[in-house]
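Only one structure is covered here, and it is reproduced in the block below.
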Amino acid sequence: MRIIIGIILLIISVLIGCGLARKFTKRREFFNSFKDFNLIIQREISYSQSSIPKLLSSIENNDDFYKCIKRYYTNKEFYFESTYLNSQELNFFKQYLMQIGKSDKTSQGKLIESMGEQLSEKLSVATELEQKYKSLYIKLSVLIGLIAFIVCL
Amino acid sequence: MSLDFLPINILTSLQKLNLDKLYEIRLRKDYPIKVCYEGIYRYLSKNGVTILATESIICNQQDIENIINNVTEQSIYAYNEEIKNGYITTVNGIRIGLGGDCVYDNNGLVTLKNFRSLNIRIAHVIKNCSYKIFERIVLNNEIQSTLIISPPFYGKTTILKDLATQINNRYNYPLLIIDERGEFYSISGENIDAIRYSDKYFAFNNGLRALSPRIIITDELITESDWLCAKSVVDSGVKIIASCHAKNMEQLTGKKYFLNSIFDKYIVLNNYGFIDGGFTIYNKDFTVQ
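One line per chain: the protein sequences are A and B, in this order.
Note that this note's numbering has the first sequence beginning at 1, numbered continuously upward.
Note that this note's numbering has the second sequence beginning at 1001, numbered continuously upward.
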């Protein structure tokens, strides 16, 4: 019986660790998609000049970032249920959506360039944090799980 | 006709009207919304139209911004060339005139911003409205180069659209529509080619070479370049049907860029909101036909 409880505790601990580690991956993936989209829209504005909804309809990616942005252009409201972005990052995302597409080509070009710099920074921070904490959380969760297992014995 | 780019309160009021009789919606920031309904300007109210300003719906800045965002699909950059010309056209051919502040840089006009007034022109397709005109511009089974003349809002574009359909149905040769503002969006046919959202210089020159039309239809000859393009088309043996803003022949011939060697017929529309009638036809030598 104790062995079974120990195994259950080990599994729960590892799952919690993986869940926490996943947040770092999701955050990095979010900024990765965000930066990609910024590059796509930069190219679109200077070349084919399609509208953003048309552009989005040609993108098949449906991760959290694209789900949110597609919903924004369909329902015209911002909704992003995030467990991995802080309020400052959420606000940055919201401001981006409110500004993108709302002015002429030249102004948009400048805006996108400046957003691109900020996004590169955010992506590198997110990547760094993922590398730093993802394996740490998993190792810690395994360790805590093992300790719980041993205590149970 | 889809007006779903309008804010819901305005759309709800308009749904109480017969949209076939609606020609124009005018929105000005902080002022009552006016509509041209059955040829008369009245205020838009919650229950339809009214003559009382006190019952009217007041337009606010948010309404104007929402309309611009909806029509441009929140992508103003994609419509900037149109905006620079003072209008945007919705996907179904409704033209929206823009009032706002012009922004210039060293290279000229960059864009318009701070939009404060909109003039929404409701495009209509009225079947056979050009029938009487069509009969008078055909000579020996050949369409004559024709200029349709009137002040704004007399139905020139509606007539041109119907003429395009008539020609497509009756003649078996290529017709090119040069549609600078996307207003001929609803017109298509087995003989019809269209160049849209292009300036006339490009469209005339490239359309003539690439699409080999027998007839060209275009709206509003305004600039010297427009008139010269029209002349070069006629000199190439192609017929042209166009329109021009003027009240009468005196005003037309007094225009700086007017060239009298282009058109065989001049049709002066006499009635505001035309469609059912009055026009005068002039021959090449400006005598009444």
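Backbone N, C-alpha and C define an ideal beta-carbon position, used for all residues, glycine too.
_Please identify, using Cβ separations under 7 Å, the residues of the stretch 1107-1118 of chain B that lie next to chain A, in order along the chain._
Hits within the stretch, in order: Val1110 and Thr1111.
*Is there contact here, the stretch 27-40 of chain A with the stretch 108-124 of chain A, by at least three beta-carbon pairs under 8 Å?*
As far as the Cβ criterion goes, the stretch 27-40 of chain A touches the stretch 108-124 of chain A, which means the pair count is three or higher.
*So is Gln108(A) in contact with chain B if we call contact Cβ pairs under 8 Å?*
Translated into positions along the first sequence, residue 108(A) becomes position 108. It does: the Cβ of Gln108(A) has a partner Cβ on chain B nearer than 8 Å.
*May I have the straight-line CA-CA distance separating Tyr1173(B) from Ile1122(B), to the nearest angstrom?*
Position 173 of the second sequence, counted from the first residue, corresponds to residue 1173(B). Position 122 of the second sequence, counted from the first residue, corresponds to residue 1122(B). Tyr1173(B) and Ile1122(B): Cα-Cα distance of roughly 30 Å.
_Beta carbons nearer than 9 Å to chain A: which residues of the stretch 1072-1095 of chain B have them?_
If the cut-off is 9 Å between Cβ atoms, the stretch 1072-1095 of chain B has Thr1072, Glu1073, Gln1074, Ser1075, Ile1076, Tyr1077, Ala1078, Tyr1079, Asn1080, Glu1081, Ile1083 and Lys1084 near chain A.
_At the 8 Å Cβ level, is Tyr73(A) part of the contact set with chain B, yes or no?_
Here residue 73(A) refers to the residue found at position 73 of the first sequence. So, interface residue.
*Taking Ile1025(B) as the reference, which of Lys1034(B), Leu1019(B) and Leu1017(B) has the closest Cα?*
As a first step, residue 1025(B) is located in the second sequence; it is residue number 25 there, counting from the start. Answer by Cα proximity: Lys1034(B).
*asked:* Please report whether the beta-carbon of Ser114(A) lies at a distance below 8 Å from any beta-carbon of chain B.
replied: One-based indexing of the first sequence puts residue 114(A) at position 114. Taking Cβ atoms only, chain B never reaches closer than 8 Å to Ser114(A), which makes this a no.
*Quick one, which residues of the stretch 35-53 of chain A are near chain B if we go by CB-CB under 8 Å, in chain order?*
If you check each beta-carbon in the stretch 35-53 of chain A against every beta-carbon of chain B, the ones closer than 8 Å belong to Ile45, Gln49, Ser50, Ser51, Ile52 and Pro53.
*Alpha-carbon to alpha-carbon, Glu1073(B) and Tyr84(A)*: Taking the first residue of the first sequence as 1, we reach residue 84(A) at position 84. Taking the first residue of the second sequence as 1, we reach residue 1073(B) at position 73. Cα-Cα distance, rounded: 30 Å.
*List, in order along the chain, the chain B residues whose C-beta lies closer than 9 Å to that of Ser103(A)?*
In the first sequence, residue 103(A) corresponds to position 103, counting from 1. Near Ser103(A) (Cβ distances below 9 Å), the residues of chain B are Ile1076, Tyr1077, Asn1080, Thr1111 and Lys1113.
*If you follow the beta strand (DSSP E) that Ile1088(B) is part of, which residue opens it and which one closes it?*
Your numbering for residue 1088(B) matches position 88 in the second sequence. Here the beta strand (DSSP E) through Ile1088(B) covers Tyr1087 to Thr1089.
*Just confirm the distance between the C-beta atoms of Ile1040(B) and Leu1118(B), as a whole number of angstroms; I'd bet it's less than 8 Å.*
Taking the first residue of the second sequence as 1, we reach residue 1040(B) at position 40. Taking the first residue of the second sequence as 1, we reach residue 1118(B) at position 118. Not really, about 20 Å apart at Cβ, beyond 8 Å.
*Taking C-beta to C-beta, are Gly19(A) and Cys152(A) nearer than 8 Å?*
As a position in the first sequence, residue 19(A) is number 19, starting the count at 1. As a position in the first sequence, residue 152(A) is number 152, starting the count at 1. Taking 8 Å as the Cβ cut-off, Gly19(A) and Cys152(A) do not qualify as a contacting pair.
*Do Thr1090(B) and Val1071(B) have their CB atoms nearer than 8 Å?*
Along the second sequence, read from residue 1 onward, the residue named residue 1090(B) stands at position 90. Along the second sequence, read from residue 1 onward, the residue named residue 1071(B) stands at position 71. A contact, by the Cβ cut-off of 8 Å.
*Quick one: what's Thr1245(B) bridged to in DSSP?*
Residue mapping note: residue 1245(B) aligns to position 245 of the second sequence, counting from 1. According to the sequence displayed, residue 1245(B) carries His and not Thr. Under DSSP, His1245(B) shares a beta bridge with Ser1150(B).
*Looking at the structure shown, is Glu1065(B) part of a helix, part of a strand, or coil, going by DSSP?*
Here residue 1065(B) corresponds to residue number 65 of the second sequence, with the count starting at 1. If DSSP states are grouped into helix, strand and coil, Glu1065(B) belongs with the helices.
*Is there at least one Cβ from chain B nearer than 8 Å to Tyr79(A)'s Cβ?*
Here residue 79(A) is taken as the residue at index 79 of the first sequence, counted from 1. No, Tyr79(A) lies away from the interface with chain B (no Cβ there is under 8 Å from its Cβ).
_the stretch 1173-1191 of chain B / the stretch 1208-1225 of chain B touching (three or more Cβ pairs under 8 Å)_ = Between the stretch 1173-1191 of chain B and the stretch 1208-1225 of chain B, the count of Cβ pairs shorter than 8 Å is three or higher; the stretches touch.
*Quick one: Cα of Asn61(A) to Cα of Glu128(A), how far?*
Here residue 61(A) corresponds to residue number 61 of the first sequence, with the count starting at 1. Here residue 128(A) corresponds to residue number 128 of the first sequence, with the count starting at 1. Whole-angstrom Cα-Cα distance: 24 Å.
*Name the residue from Asp64(A), Ile112(A), Glu77(A) and Phe93(A) whose alpha carbon lies nearest to the alpha carbon of Ile40(A).*
Taking the first sequence and counting its residues from 1, the one referred to as residue 40(A) is at position 40. The shortest C-alpha separation from Ile40(A) is found at Ile112(A).
*asked:* For Phe1286(B) and Met1249(B), I'd like the C-alpha separation in whole angstroms.
replied: Start at 1 with the first residue of the second sequence, and residue 1286(B) comes out as number 286. Start at 1 with the first residue of the second sequence, and residue 1249(B) comes out as number 249. Taking the straight line from one Cα to the other gives about 8 Å.
*Report the rounded CA-to-CA distance for Leu1152(B) versus His1245(B), giving the unit in angstroms.*
On the second sequence, residue 1152(B) is found 152 positions in, with the first residue counted as 1. On the second sequence, residue 1245(B) is found 245 positions in, with the first residue counted as 1. It should be noted that the sequence gives Pro, not Leu, for residue 1152(B). About 7 Å.
*Please list the segments of the beta strand (DSSP E) lying wholly inside the stretch 1216-1269 of chain B, counting only runs of 3 or more residues, in order along the chain.*
1239-1245 and 1265-1269
*asked:* For the alpha helix (DSSP H) containing Phe1204(B), name the first residue and the last one.
replied: Here residue 1204(B) is taken as the residue at index 204 of the second sequence, counted from 1. Run containing Phe1204(B): Lys1200 to Leu1211, per the alpha helix (DSSP H) assignment.
*Would you call the stretch 1072-1087 of chain B and the stretch 98-116 of chain A in contact, with 3 or more CB pairs under 8 Å?*
Contact between the stretch 1072-1087 of chain B and the stretch 98-116 of chain A is present, because at least three Cβ pairs lie under 8 Å.
*Flag this pair as yes or no: are the beta carbons of Leu15(A) and Phe149(A) separated by less than 8 Å?*
Position 15 of the first sequence, counted from the start, is the residue given in the question as residue 15(A). Position 149 of the first sequence, counted from the start, is the residue given in the question as residue 149(A). Cβ distance not < 8 Å, so Leu15(A) and Phe149(A) don't count as in contact.
*asked:* Measuring alpha carbon to alpha carbon, tell me which residue in Ile1192(B), Leu1014(B) and Thr1165(B) is nearest Tyr1131(B).
replied: Indexing the second sequence from 1 puts residue 1131(B) at position 131. With distances taken between Cα atoms, Tyr1131(B) lies closest to Thr1165(B).
*Could you check the C-alpha separation between Ile12(A) and Glu130(A) for me, to the nearest Å?*
Position 12 of the first sequence, counted from the first residue, corresponds to residue 12(A). Position 130 of the first sequence, counted from the first residue, corresponds to residue 130(A). Spanning the two alpha carbons is a distance of roughly 22 Å.
*Starting from Gly17(A), follow the alpha helix (DSSP H) in both directions and report where the run begins and ends.*
The residue you call residue 17(A) lines up with position 17 of the first sequence. Element bounds for Gly17(A): Arg2 to Ser46.
*For Tyr1104(B), does the three-state DSSP call read helix, strand or coil?*
One-based indexing of the second sequence puts residue 1104(B) at position 104. For Tyr1104(B), the secondary structure class from DSSP, reduced to helix, strand or coil, is strand.
*Backbone secondary structure at Gln88(A) - three-state DSSP*: In the first sequence, the residue the question calls residue 88(A) occupies position 88. Helix, per DSSP.
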